[in-house]
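Let me begin by presenting the structure, written as structure tokens, before commenting on it.
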Amino acid sequence: MRDPAFLHRLYEVLLESYGPQSWWPADSPFEVMVGAVLTQNTAWNSVERAISQLRKNCDMTPERLLLIPEEKLEELIRPSGYFRQKAARVRGLCRFLLENGGKDLSRLAVLPTSELRERFLALKGIGPETADSILLYAFGRPVFVVDAYTVRLLERLDILPGKGSYGEVQDLFMRSLPPDAGLFNEYHALLVTHAKERCRKKAPLCKTCPLNGRCDFGRSLI
DNA sequence: GTCCAGGGCCTAC
DNA sequence: GTAGGCCATGGA
């Protein structure tokens, strides 16, 4: 395990390299939630197409979205893949929101973060990453979002104490950083941006990584 | 044609 | 508690 300042320095270098990412790309908290489900194991380009089609067919509220017949909904989100599963998951999310105050989220917003997280995790098709994305990007809670990119990067940097489970990686970030939702927002987005450009599965060595030669990590970021 | 993408569920050991 | 199969489209 490296010293706690490592993750601070990593953030600074990523921010300098890529600039602010201004996530999440959505028009409303509800759209963040829908996008979080649709982007599961799916490229964002495909999700954008699906959301664009949804916008044309409803005003992106849980009420209106539930009025779309199931088969029609599947057709609209087809570009984002796993469309049958995701249609059911989005509908389940909408029902949950309607039961808890609808689009304005004011009833959910008063809940403590841990309880809010449990509520979303209880929904079928919403696992740790999707729930945390919703907490951070729709509710502004200081929760660090871990994704496959982040785990892969830390494994390659050999800075994980254990095997790199979701909770383990999340704890590492949240113990090393102040509980700042703005920081977590930007950090996760930067990790995704970096990974998309430099740390794909088939790019084991990142020769053009902006971190190369510009940090004292002892080895290049790969 | 093959690999991969901003996961999660279910089933076997 | 965890490894492996499955879900599906679209771009590189």
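The opening residue of the first sequence carries number 2 in this note's numbering; numbering runs sequentially from there. Built from N, CA and C at the ideal position, the CB exists for glycine as well.
Residues near Gly214 in its chain [Cβ-Cβ closer than 6 angstroms; skip 5 each side]
Confidence at Gly214 is low in this model, with a pLDDT of 43, below 50, so the placement of that residue is unreliable and no value is reported for it.
Could you give the first and the last residue of the continuous alpha helix (DSSP H) run that contains Asp133?
Pro129 to Tyr138
Inspect the CB distances between the stretch 97-111 and the stretch 49-57 and report whether three or more fall short of 8 angstroms.
no
If I measure Cβ to Cβ from Val152 and keep anything under 6 angstroms in the same chain, skipping five residues before and after, which residues do I get?
Gly165 and Val170
Take Arg79 and list the residues in its own chain whose beta-carbon comes closer than 7 angstroms to its own, dropping the five residues that flank it on each side.
none
Here's the rule I'm using: 16 or more other beta-carbon atoms within 10 Å means buried, otherwise exposed. How should Gly36 be labelled?
buried
Mind checking which residues open and close the alpha helix (DSSP H) that includes Val48?
Trp45 to Asn58
Range covered by the alpha helix (DSSP H) that runs through Val147
Here Val147 belongs to no alpha helix (DSSP H), and DSSP marks it neither H nor E.
Where does the unbroken alpha helix (DSSP H) through Thr114 begin, and where does it stop?
Thr114 to Leu122
Would you kindly report the start and end of the unbroken alpha helix (DSSP H) that includes Ala14?
Looking at the sequence itself, residue 14 is Val, so the reference to Ala does not match. Element bounds for Val14: Ala6 to Tyr19.
Taking its Cβ as the centre, do 16 or more other Cβ atoms sit within 10 Å of Ala196, making it buried, or is it exposed?
buried
Hey, how far is the Cα of Leu74 from the Cα of Asp28?
20 angstroms
Where Ser107 falls: helix, strand or coil (DSSP)
helix
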